[in-house]
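Peer 1: First, the structure itself, so that you have it in front of you.
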Amino acid sequence: MHFSKLLLSLILSIALFTQTSWAQIASTEALFNQQTDILSSKEKIIQFTARKDVAKILEQMDVDPQTIEERVAAMTDEEASKFAHEIDTLPAGSDALGSLVGAAVFIFVLLLITDILGLTKVFNFTRSVR
Numbered sequence: 008m009h010f011s012k013l014l015l016s017l018i019l020s021i022a023l024f025t026q027t028s029w030a031q032i033a034s035t036e037a038l039f040n041q042q043t044d045i046l047s048s049k050e051k052i053i054q055f056t057a058r059k060d061v062a063k064i065l066e067q068m069d070v071d072p073q074t075i076e077e078r079v080a081a082m083t084d085e086e087a088s089k090f091a092h093e094i095d096t097l098p099a100g101s102d103a104l105g106s107l108v109g110a111a112v113f114i115f116v117l118l119l120i121t122d123i124l125g126l127t128k129v130f131n132f133t134r135s136v137r
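Residue numbers (the working numbering): 8 to 137.
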């Protein structure tokens, strides 16, 4: 029982320390440079669609590159920055296999720990602490 309390307090303390954030005062230069970031967002979208692999896929879908440029030019600044952010944050060419493997490993470790603590009896190769 003492070990489980220690383990729980360790996990909670790590979780609390990882949630910290740092606030900073925004300078005038940073606020004015934000406008150039929006312009670069539209350029980033154009550059992304001009890549060979993306252009090949768009060509297979019968999408004209001139149409893409016109639609990007018609985007609002907010839409362009959101789309550029999605381009930066989405994983490239990944599928659900990595997520499934990660979930399976997490569940295995969770069941293994609960087996060792004596809360469950799922695996035959573990011995309970109790």
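Ideal Cβ positions, reconstructed from N, Cα and C, are used throughout, including at glycine.
Computed from a predicted model, the values in this text were never measured in an experiment.
1. When the distance is taken between beta carbons, is Val129 closer than 8 Å to Leu118?
2. Reducing DSSP to helix, strand and coil, say where Ala33 ends up.
3. Rounding to the nearest angstrom, what Cα-Cα distance links Thr96 and Lys89 in this structure?
4. Around the Cβ of Ser106, are there at least 16 other Cβ atoms within 10 angstroms (buried) or fewer (exposed)?
5. What is the rounded straight-line gap between the Cα of Gln54 and the Cα of Ile120?
6. If we ignore side chains and look at the alpha-carbon of each, how far apart do Ser127 and Leu104 end up?
7. Taking the continuous alpha helix (DSSP H) assigned at Phe90, which residues delimit it?
8. Should Ala82 and Lys51 be called a contact, given that it needs their Cβ atoms to be closer than 8 Å?
9. Specify the secondary structure class of Leu124 as computed by DSSP and reduced to three states.
10. Could you spell out where the alpha helix (DSSP H) holding Arg78 opens and where it closes?
11. If you run the structure through DSSP and keep just helix, strand and coil, what is Phe113?
12. What's the gap between the Cα of Ile32 and the Cα of Asn40?
Peer 2: Looking at the coordinates:
1. Stepping through the sequence shown from its first residue, residue 118 is reached at position 111. Stepping through the sequence shown from its first residue, residue 129 is reached at position 122. Yes. Within cutoff.
2. Within the sequence shown, residue 33 is the residue found at index 26, counting from 1. Three-state DSSP puts Ala33 in coil, outside helix and strand.
3. Along the sequence shown, one-based indexing puts residue 96 at 89. Along the sequence shown, one-based indexing puts residue 89 at 82. Whole-angstrom Cα-Cα distance: 11 Å.
4. Here residue 106 corresponds to residue number 99 of the sequence shown, with the count starting at 1. With fewer than 16 other Cβ atoms within 10 Å, it is exposed.
5. Locating residue 54 in the sequence shown gives position 47, where the first residue counts as 1. Locating residue 120 in the sequence shown gives position 113, where the first residue counts as 1. Cα to Cα, Gln54 sits roughly 48 Å from Ile120.
6. As a working note, residue 127 is residue 120 in the sequence shown. As a working note, residue 104 is residue 97 in the sequence shown. Checking the sequence shown, residue 127 turns out to be Thr, not Ser. Going from the Cα of Thr127 to the Cα of Leu104 covers about 28 Å.
7. Here residue 90 is taken as the residue at index 83 of the sequence shown, counted from 1. Where Phe90 is concerned, the enclosing alpha helix (DSSP H) stretches over 84–96.
8. Here residue 82 corresponds to residue number 75 of the sequence shown, with the count starting at 1. Here residue 51 corresponds to residue number 44 of the sequence shown, with the count starting at 1. Correcting the residue type first, residue 82 is Met in the shown sequence and not Ala. Taking 8 Å as the cut-off, the Cβ atoms of Met82 and Lys51 do not count as close.
9. In the sequence shown, residue 124 corresponds to position 117, counting from 1. Correct three-state label for Leu124: coil.
10. Your numbering for residue 78 matches position 71 in the sequence shown. Counting along the chain, the alpha helix (DSSP H) containing Arg78 begins and ends at 72–81.
11. What you label residue 113 is simply residue 106 of the sequence shown in a count that begins at 1. In the structure shown, Phe113 sits in a helix (DSSP, three-state: H, G or I).
12. Reading the sequence shown from its first residue, position 25 is the one you call residue 32. Reading the sequence shown from its first residue, position 33 is the one you call residue 40. Roughly 15 Å between the two C-alpha positions.
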